[in-house]
Each structure stands twice: as structure tokens, then as C-alpha cells.
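Okay, so here's the structure we're looking at.
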Amino acid sequence: MKTEIKRIVIVGGGTAGWLTACVLAAELDLINSDFSITLVESSDINPIGVGEGTWPTMRGTLKKIGISENEFISTCDASFKQGSQFINWQGQTATNPVYAQDSYIHPFTLPQDFQNINLAPHWQEYSEQVNFADAVSSQSVLSKLGKAPKLITTPEYSFISNYGYHLDAGKFSGLLKKQAKDKLNVNHIIDNVIAVNNDKNADISDIETEKNGKIAGDLFVDCTGFASLLIGKHYNIDFISKQHQLFNNTAIAIQAPYNDPNDDIASCTLSTAQSNGWIWDIGLQSRRGVGHVFSSEHTSTEKAEQQLRQYLTATLGLKKAEELTSRTIKFNPGHRKKFWHNNCLAIGMSAGFIEPLEASALALIEQSAMFLAEQFPKNRSTMKIIAKRYNQTTSQHWTQIIEFLKLHYVLSKRTDSQYWFDNVATESIPESLIENLELWQHQYPYHADQVARNPLFPAASYQYVMFGMGFKSSSITKRNNKIIQQKAQQLFKENIQRTQQQAAVLTSNRELLNKVKKFGFAKI
Amino acid sequence: MATQKLVNNIDHKDTKIITERSATYGDDIWFTQTFPAEFRSVQAYYPIFFTKDENTGKFLPVALFGFEQNENLFINDGLWHVPYIPLMHARAPFLIGKQTLLEDGVEKLQRVLFIDENHPRVNTEQGAPLFLEFGANAPYLENMANMMETLHHGMQDNDVFIGRLVELELLESFTLDVELNDKSKHQMLGFYTINEDKLAELSDDDVAQLHKDGHLQAIYMAIASQSNVTRLLLLKNAALGL
């Protein structure tokens, strides 16, 4: 059992496969070591290409794998994303004038000095004058103004206002493939897997392909998407459905053109709640990616598509909105019971999939690939320990994703369909969320109520969504520490200044992207 | 109305250029662009650093005149107190224009001298005349025309020079911390300088190529020019009476 782990075989050539290959190859320094990575891509299967939104973590990931930001932006039709804007989620026009429009932003930037001070209680007394996000960070205001997160003089991957990307998933996986093959020494085999063989310990010894015969390896990564060839079909690891908590199980996607090639590009992913789901709207450089994700238990595909086209009519006019072709994707929301079994782990949709409400798909792939790269097992016996930890961490991530996504629903006051009533039914709410909601009646979310060590969503994200949704607690005891109060006042004041300064110098996304394509960002 | 016009002895027969140096005439700048061919003259008086063009993000070498916006420590009482003014600034109110001319029946693009008629230096009352009595170029204009030619070639060389510096990773960002005699501290951000560690590690081939292009000399001139920060500091202390 002291076999060294040297040969890695990745099955699947979508974004998950290539991203994992790149991260691993960069970390293991393939060029100067005796590790090998082989990626087997089926010739028959078209990658599904979900996930057009990333988190800010993607900047670090791209840098790590040696892709220049200029190249990434030009080849992937990419634009800057500063957060998500949720429209019509509250479901009622509250008496509070701040919420006259049913819309709030969950920005990527943490509240000012978040490590040291919880601004939420101090903001509460101004909640009639300014919304939470605008009070504690500049990003939501910049986003509403359609501002870019940086200047052309800002170096590659640096920022003035924290950002991730919107990207064309197909082009992105093409760029990763090129990087993996040309720069990172990853072997690429295009072939169909016809069998998976075990050794006497029930580890996968090799996969059999149509043309290339047996491909042996020490570690196998299942990136085969919904097919889940290794972890699902071969190992029969249980799938845990979460449809009873997050109902959405179907998506209709449409690629929509801009009316004018120089139309403004939104700084956030727009997420507009519908009667039985919500519509995403992502602005790339050359087009928008728009889609309706909904619960087929609550409405029909025809009805949902009609709503999507109606949404598009507002910007494109009736004729164009009717003409565009759509694609329907069905999915079972949930994840595997285990993600790493024997010498095989699943990354990407083979591990699980959930509606893209907080763009967690690519972020989770990055997390998984980084974990594997950093904790790469030296031999078969340490693999056991690492696999156990990987399963714990990944389970925690899934639990948190589901809890956090559900938070968006349970705080809604929409009453226009059974869907929204079902969403607030106690039996549909994860236990941990019920507990947290009870706690938050008496205390503001902050670091202490986070159970996980490295949570995917920090307490700040909970604050942005809760206060964005108009959450108000009735029974929080007010604390009157003078020094902390003064500190909070100062931070609020600084934030107003910073917001004004940044708004004055930053240009629109379109203007900056045009400059990037013409001049590029400098490396320093 | 276009205010940039081709310099000619009909429209501009009475035009004069005020040569006084002061804020009124746009001399209150804290740096201006420079280029390798004038580094030798520039480094005698000014620190040479690099900054990014705010419209393109491209690096530019600049000669520094002060520590903050609108501060030019070299002007005083209508004079610029050192003998060399970087050409990019000295050229005002002139610009380089392009004109298509027919030469032996062939269309040729030629550089021509334009003047910004709205520039505060431009008038008909005082200063250096552009043309002599019978329409010939005045010495001042001849001098300007030569200067613009040098500037044009300097700008072209700049693109190559900067391209090499970026490629060889010879630039690094730095923050200039300045402490005045009254102990007040000032910090200047957004400037770059030569990375001397990287410079020391260059391969023989790279060094030879830089030398051939005249850029090695420019690099060392830029490094040497940093000692002029002390001169700026003296001027600043003096200006504040410290």
C-alpha cells in the first residue's frame, strides 16, 4: 500500500476537467517532476458549458496556472463581475423608502474592516436612509453606476474594487485546454471510455478506451459531468437529491445579442425572481447569456420559456425575443454522498449540481482542484486520510451552499404562486438554516456563527443577503460602546468618500474592456 | 472651430510666442514625458521615473518637477531656473501634424508644424515672432521645427525602449516617501523605476542588444537621475521657507 501516486488520469474534457488539469499541473510542476497527467476527452460528448460567472478567486487561479489576464479577457469574451443583483426577490414594496425598488446587491467586497468590526448593528439606525451594502462598501454603488472595477493603469489581476468574471464557458475551456497542453505538459487523448477496471483492492487500475486501449493510472478524477462515469456508474456512490429544499431542476438558456455592440455591460449578474424560479442575465463583451431556472414541479417548460422571452422583450423587442433559439437543461439538484472513493474523486457536475444562484459551480471546481493540488497524496496510504478530509470539507461546502441559497428564498415575502409558499414551508428548510435564523433574531451574523473553518460564503455574504432582503430583527439588544460607535461612524464616512472618489475615476465596463483589448493591462 | 492650425506665414505673420515661464502659461506641471535621446540632458537636473499613461496604461518615462499636482519647483519669477526644459514641454504651443503632399506625382505623408492658437502663449503683442518681416522663418521657429523633429524620433524610440523594459521585466513599482524639514511626510504613488536586481541578472545577449539600441545608456542615466530627488527636496524646503 506504499505505491507512490504519480500518474493522474482525468476523465472528461469540460471546464471541470481542464481547470483541474491546469491547477494540478501548475502545482505539481509537471515539467520538472515525474508526475504525469492524462486527460481523456470523449469525442462524442459536447461539454454542457454551464457557469458563466466566477468568483474573485478565479483571478488567483488564472494567475497560478500562468494565463495572462489580457489573453483571458480577449479570448473568453470575458467581462468584469462585481457581484450579484437580486431583483424582485423581496416581493413587496416595503414602507422603508430604501426598498422602494425591489432590488439589492450582494457585492464581492467585504464590509469595511470586516475582520475587526461588525457594522451591521451600527447601520441599523440608518436603515431608512441607506441600504446596507451602500453603507458598508463602495461596490454596490459602483455596480449600479455600471462602473468597471479598475483602471487601464491597474496591473493585471489587481483591482480597485474586487471582481470576478463573466465568461463564455466554451471559449474558457478552450483556453484552459491550450494552456494545459502547450504550457503545462498535460497529455490529451480524445477517445471514448468503454470500461473501467479495478485492481484487487477495488481501486481503479485503468480505463479502457475504444482506440487507445487501456489507460492506467494511480489516481482518477471524474470530470464527466452528469454522466458521472466513475463515481456514479462505476462505484455507485449514492446521489443525495436536494430537490425538497431547492426546487429548481430545469434551466432554459438563451444567448441574446446586444442591440448595439457598444451597449453598456452590467457590473453584476442580474437575477430576477419569477413566479416559479428566477432569470439570470449575464453581460459578456459580445452578447448576453440569459436563462430561466425553475421548478418543473411548479410550472411547465412552455410557461417558463414564455416568461423568459417576455423578459427579453423588454430589452430586445418582441420580434428578436421570439426568434432566438433556446436550450433546455434538466438537472437533479444535489450531490454525491461521497466525492472521493478509493483512488477516484469527482470534480464538477459529476460530484453535484445546484442552481447557479450564487455562481458556485466554477468556484467549487477551483476549491476542489486546489485542495487536491495542495494536499496531493504522496502514496496510497496517505490518500486514505486525504480522501477522508476531502469528503468532509466538500460535504461542508455543499451543506453551506444549499443553506445559503435557501436563505435567498426563505426571506422572500412573495405570495404570487405556490412555489414561494412551498419555499418558506419549514420542511423545505435545512436544519442549520432554521437554527441560524433563530439565532439571528437575537444577534447579527458575524464570524462566530460560522461553523465551518473555511466557509465558502463568509458571514458578510449572509449580511448582504439578509439586509438586502429587508430582514429585521425585533429583539436585538443594542450595545452602546462609545469607542466602537465612533469607529463605525468613521468607517461610514470613509466609505462615502471612497465611493465618490472611485466613482469619479472609474469608467464603464465597455470602455475599459475596449482599452484592454487595444493596450492590455501591464503586469506590474 | 479648430484651434490647431498649420503654421504658415500668412495666417501667422504677426504671431508671437510668449517665452516667460509661469503657471499662467501652463508651466505648473509636476512632470512631463521624456525619451532616451534626451535622458543625458534631463538627468542633469531632474529625476527620471516611469509612470503609466492614464488613457492607455502604457509606461512612459517622465521627468519630475515637483511632488504634487501643479507643483513645478523649477519655475519662479517668470523663469525656469535650470538650462534644460524637456522637449515635450518646451514645444508648447506647437504640435506635430501630418499632411499628404504630392512629390513627383507620388503622394507622400509629411510631418508639418501645427500651432495651438488657443494656447495662452500665442498672441500678436509680445514675445518671439514666428516670421521675419518678409515672411522668412524667424530663428525661434527654426529652432522649434528642429525640436519637434527630435521629439518625433524620440517618441518613436520610446515605444521600442518601453517595449524592451517590459519584456525584460526591468521596471518595478516603488513608492517615493519624502520627509520635509518640518518633518511632514509625503507619499507619491504610481511611479516605477528600473529594477536593478533584474538588470544585474540580464544575459549577455540582452545587454548587448540594449547597448546596440542605445538603451543601456538610457537605463543607467535613469538610475543616476534618482539622486536629483534630493535637489527637488531642497527646492521644496526652500519654497516653503523651511
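In order, the protein sequences belong to chains C and Z. Numbering of the first sequence is given in this note's numbering, commencing with residue 1 and proceeding in unit increments. Numbering of the second sequence is given in this note's numbering, commencing with residue 1001 and proceeding in unit increments. By construction, the Cβ of each residue, glycine as well, lies at the ideal position given by its N, Cα and C atoms.
Which one of C:402, C:305, C:33 and C:382 has the shortest CA to CA distance from residue 254 of chain C? C:305
Local Cβ density within 10 Å of residue 310 of chain C, reported as buried at 16 or more and exposed below that: exposed
For a contact defined as C-beta to C-beta under 7 angstroms, what are the partners of residue 521 of chain C on chain Z? 1057
Alpha-carbon to alpha-carbon, residue 261 of chain C and residue 1027 of chain Z: 42 angstroms
Is residue 515 of chain C close to chain Z? Criterion is C-beta to C-beta, closer than 8 angstroms. yes
Sequence-distant residues of the same chain with beta carbon closer than 8 angstroms to residue 1081 of chain Z, five excluded per side: 1074 and 1075
From the DSSP output, in three-state form, read off residue 149 of chain C for me. coil
Taking only three categories from DSSP, how would you classify residue 1050 of chain Z? strand
Between residue 250 of chain C and chain Z, is the shortest Cβ-Cβ distance under 8 angstroms, so that the two count as touching? no
How many angstroms separate the CA atom of residue 1004 of chain Z from the CA atom of residue 1113 of chain Z? 10 angstroms
Give me the subset of the segment 148-170 of chain C whose CB atoms are less than 9 angstroms from a CB atom of chain Z, sorted by chain position. 151, 152, 153, 154 and 155
So residue 141 of chain C is in the alpha helix (DSSP H); what residue range does that whole segment cover? 139-144
Supposed close pair residue 139 of chain C, residue 65 of chain C - CB separation, criterion 8 angstroms: At roughly 27 angstroms, the Cβ-Cβ gap does not stay under 8 angstroms, so residue 139 of chain C and residue 65 of chain C are not in contact.
So residue 1068 of chain Z is in the alpha helix (DSSP H); what residue range does that whole segment cover? Note, residue 1068 of chain Z: premise wrong, no alpha helix (DSSP H); not H, not E.
Cβ neighbours of residue 401 of chain C in the same chain (closer than 7 angstroms, five flanking residues each side left out): 354, 360 and 456
Alpha carbons only, please: which of C:249, C:376 and C:301 is nearest the one belonging to residue 330 of chain C? C:249
Determine the contact status of residue 1122 of chain Z and residue 1010 of chain Z, defining contact as a CB-CB distance below 8 angstroms. no
For residue 115 of chain C, tell me which candidate among C:446, C:146, C:522 and C:511 has the shortest Cα-Cα distance. C:446
Which of the residues in the segment 1166-1186 of chain Z, read from start to end, lie with their CB under 9 angstroms from any CB of chain C? 1166, 1169, 1171, 1172 and 1173
With a threshold of 8 angstroms between beta carbons, is residue 524 of chain C in contact with chain Z? yes
Ordered along the chain, which non-local residues of its own chain (more than five positions away) have a Cβ less than 8 angstroms from that of residue 1108 of chain Z? 1100, 1101 and 1102
Range covered by the alpha helix (DSSP H) that runs through residue 1007 of chain Z: From DSSP, residue 1007 of chain Z is part of no alpha helix (DSSP H); its letter is neither H nor E.
For residue 126 of chain C, does the count of other Cβ atoms within 10 angstroms reach 16, so buried, or fall short, so exposed? exposed
Quick one: what's got a C-beta closer than 8 angstroms to residue 1060 of chain Z's C-beta in the same chain, skipping five residues either side? 1033, 1050, 1051, 1052, 1053, 1158 and 1162
Strictly under 8 angstroms for the Cβ-Cβ distance: is residue 1052 of chain Z near chain C by that measure? yes
Express the C-alpha separation of residue 1221 of chain Z and residue 1039 of chain Z in angstroms, rounding to a whole number. 6 angstroms
Residues near residue 246 of chain C in its chain [Cβ-Cβ closer than 7 angstroms; skip 5 each side]: 333, 354, 355, 402, 405 and 406
Tell me whether the beta-carbon of residue 143 of chain C lies closer than 8 angstroms to the beta-carbon of residue 267 of chain C. yes
What distance in whole Å lies between the Cβ atoms of residue 283 of chain C and residue 106 of chain C, which are believed to be in contact at a cut-off of 8 angstroms? About 17 angstroms separates the two Cβ atoms, so there is no contact after all.
Outcome for residue 470 of chain C when other beta-carbon atoms lying within 10 angstroms are tallied against a minimum of 16: buried
Is residue 349 of chain C helix, strand or coil by DSSP? coil
Use the C-beta contact count for residue 259 of chain C: other C-beta atoms within 10 angstroms, 16 or more gives buried, fewer gives exposed. exposed
Terminal residues of the continuous alpha helix (DSSP H) containing residue 200 of chain C? Residue 200 of chain C -> no alpha helix (DSSP H), and no H or E assigned at all.
Tell me whether residue 31 of chain C is buried or exposed, calling it buried when 16 or more other Cβ atoms sit within 10 Å of its Cβ. exposed
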